[in-house]
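Those letters in the sequence shown? Residues 5 to 217, per this note's numbering, in order.
Ideal Cβ placement from N, Cα and C applies to all residues, glycine included.
What follows is one structure encoded as structure tokens, with my remarks underneath.
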Amino acid sequence: MSTSAPSSASLCMWFVSTLPVQHVAISTLSDPFELGIVCASDDVATELEQTQLDLGFGPGWQAKTARVPTLLPDVEHAHPAAWSALLTAAHAHRIRAVYAFPMTVGAIDVGVVDLYATTAHALNTRQVENAWAMAGVAAVRVVDRILTELNFPPSPQGLPGRFIHQATGMVMAQLRVPSTDALVVIRAHAFSTGTSIPDVAEAIIRRDIDFSV
5 MSTSAPSSAS LCMWFVSTLP VQHVAISTLS DPFELGIVCA SDDVATELEQ TQLDLGFGPG
65 WQAKTARVPT LLPDVEHAHP AAWSALLTAA HAHRIRAVYA FPMTVGAIDV GVVDLYATTA
125 HALNTRQVEN AWAMAGVAAV RVVDRILTEL NFPPSPQGLP GRFIHQATGM VMAQLRVPST
185 DALVVIRAHA FSTGTSIPDV AEAIIRRDID FSV
């Protein structure tokens, strides 16, 4: 997997350049975030993704609900009644495989990364692991961008520094993420639950909140 985490603006192209796929789209799918496309690698990805959003079902929705990847290595073998409109659009653009990876931050369902390939093939174990790890990075970048656009507080202000560091360190250990990502997780939990950031930090320290569970 690429070792350099991309900015939110280049997330989709990061997947295209790293994995054996030609089109990528990233979307948020439900509360606490709006339904919409975050980025798409090209017009084909935009059309396919918008079809899923308009229908309210498809591989991306299934991955989001199950919180595990939905892998269609050959769309010709997909049940035609399941996602007929999406499969029609896929055939029109010569898409042969679709892979959907859920984006989560802690317990929050952020959305999905949908990968589209023009050849029918299964991702190997390493590629699936990499794509899922990359989806985790994408989730944090997407949430950080959304919270920044909403002017949501960037850090747990109102607590002594040692408590901030302790809560951040605990999240880092729970999720094995760097400190900047741990802070995004804390902010995202506060935003999604309508709780103040200091209260979330204190709950983490008390072990009332454990993101590894």
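Residues bridged to residue i (per DSSP)
i    : result
C16  : Looking at the DSSP assignment, C16 forms no beta bridge with any residue, so it has no partner.
V117 : I30, F105
T260 : Given a span of 5 to 217 for the chain in the structure shown, any question on residue 260 remains unanswerable.
I112 : V109
Own chain residues within Cβ distance below 7 angstroms of residue i, not counting five before or after
i    : result
L15  : I30, C43, A142, R145
A82  : L76, L91
F156 : R191, F195
I150 : F37
S183 : T172, M176
C-beta neighbour in chain D for residue i, strict 8 angstroms
i    : result
I208 : Here there is only one protein chain, and chain D is not present.
Nearest candidate by alpha-carbon position, reference residue i, set the options
i    : options               : result
A220 : R166, G198, Y103, A49 : The requested residue 220 is not part of the displayed model; the chain covers only 5 to 217.
F167 : D148, A207, I150      : A207
A124 : A139, R149, Q26, T197 : Q26
T122 : A171, G60, A93        : A93
S196 : A171, D148, V72       : D148
G60  : V72, S88, P73, H81    : S88
G140 : V188, L154, A101      : V188
R98  : T184, L52, T152       : L52
L39  : G115, G110, F19       : G115
Y120 : T32, T69, V79, P182   : V79
G110 : A101, Q56, A177, T55  : A177
Q54  : G173, V20, D118       : D118
P36  : G198, P24, G173       : G198
L179 : R130, D58, V217       : V217
Sequence-distant residues of the same chain with beta carbon closer than 6 angstroms to residue i, five excluded per side
i    : result
V220 : Here the chain covers residues 5 to 217 and nothing more, so residue 220 does not appear.
D212 : none
L75  : Y103
A171 : A205, I208, I209
A126 : P77
L154 : none
Beta-carbon contacts of residue i that lie in its chain and below 8 angstroms, excluding the five residues immediately before and after
i   : result
D46 : H27
P73 : A67, Y103, A104, F105, P106, V132, A135, W136
R71 : P106, T108, D113
Practice task
Please confirm if the region 56 to 69 is in contact with the region 98 to 107, defined as three or more CB-CB distances below 8 angstroms between the two stretches.
Solution key: yes
Problem - Length-filtered (4 minimum) alpha helix (DSSP H) runs lying within the region 28 to 67 - result: 47 to 59
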